[in-house]
Amino acid sequence: MRIRSVTRDELPLLRQIEWAACECFRAIGMPEIAEDEPLPVAALARYLDEGTALVVVDAADRPVAYLLAEPVDGAVHIEQVSVHPEHARRGLGRALIDHLAAHTDAPALTLTTFAEVAWNAPYYERCGFRPLTGAELTPGLREIRRQEAAHGLDRWPRLCMRRELRRSGPAGPDPAGA
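Numbered according to this note's numbering, the sequence shown spans residues 1 to 178.
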């Protein structure tokens with residue numbers, strides 16, 4: 001498994017991964033999610049240009065999973081994590097999240113997700129995220145939730161989550177005295 005930035009010519013592949021990954025929603029009575037159009041290539045390109053667009057690639061250097069993120073109110077907000085079903089249950093989503101966490105200076109990661117879908121909120125809790133209360137929502141997260149509601153995602157319970165990132169301070173003296 002190798003994680004790297006997506007290339008511009010791979011952006012259409014992200015749409016294919018998303019189509020395939022969303023099929024699992026059909027089986028749990030959420031066909032509207034399975035049928036929802038993935039982000040257009042122009043929107044994906046914005047993450048490449050202004051945010052974060054990471055992929056996990058297979059042995060042939062072909063993307064099989066991806067993560068999109070951008071700064072929101074001082075944190076890094078994960079917009080999307082998708083894994084092609086042929087590569088699911090191998091820790092690729094978590095690897096992308098952990099890679100992002102290790103390579104950002106932000107104090108936290110945030111995301112929005114379905115509260116009652118096993119591979120959404122319960123999964124993210126296992127990845128170190130916690131649900132946010134309404135009082136903890138920042139203006140940017142409130143706007144994201146407003147857009148999601150306008151898109152019809154509130155037909156199912158949704159929530160915002162946050163993962164605090166530990167940051168070490170400046171290096172002090174070497175305790176070994178070297």
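Glycine residues also receive a C-beta, built at the ideal position from the N, C-alpha and C atoms.
Three-state secondary structure assigned by DSSP to residue i
i      : result
Pro139 : helix
Leu67  : strand
Ile79  : Per the sequence presented here, residue 79 reads as Glu, with Ile not at that position. Here Glu79 sits in strand by DSSP.
Pro131 : strand
His99  : helix
Glu148 : helix
Leu153 : helix
Arg62  : coil
Ala106 : coil
Arg26  : helix
Arg126 : helix
Arg166 : coil
Gly172 : Reliability of the predicted coordinates at Gly172 is poor, the pLDDT of 37 falling under 50, and no value is obtained from them.
Beta-ladder partner(s) of residue i, from DSSP
i      : result
Cys160 : Thr112
Leu3   : Note on residue identity: the sequence assigns Ile, not Leu, to residue 3. Answer is Val56.
Val72  : Ala75
Top-ranked residue by Cα proximity to residue i, from the options
i      : options                          : result
Thr112 : Glu37, Met161 and Leu100         : Met161
Pro12  : Met30, Glu35 and Ala53           : Ala53
Pro40  : Val64, Trp19 and Val76           : Trp19
Asp154 : Gly128, Arg2 and Ile33           : Ile33
Tyr47  : Phe25, Val81 and Glu37           : Val81
Ala88  : Gly128, His99, Gly134 and Tyr66  : Tyr66
Asp58  : Ala69, Arg90 and Ala27           : Arg90
Leu100 : Trp119, Ala75, Ala118 and Asn120 : Ala75
Ala17  : Val56, Asp49 and Arg4            : The sequence shown places Ile at residue 17, rather than the Ala named in the question. The shortest C-alpha separation from Ile17 is found at Val56.
Thr7   : Pro38, Gly29 and Pro63           : Pro63
Arg142 : Ala43, Val72 and Ile3            : Val72
Trp156 : Phe129, Met30, Tyr124 and Glu37  : Met30
Ala60  : Thr138, Pro131, Gln147 and Met1  : Met1
N- and C-terminal bounds of the beta strand (DSSP E) containing residue i
i      : result
Val117 : Counting along the chain, Val117 falls outside any beta strand (DSSP E), and DSSP gives it neither H nor E.
Where the alpha helix (DSSP H) containing residue i begins and where it ends
i     : result
Ala88 : Careful: Ala88 lies outside any alpha helix (DSSP H) and carries neither H nor E.
Ile17 : Leu11 to Cys22
Asp49 : Val41 to Glu50
Glu35 : Pro31 to Glu35
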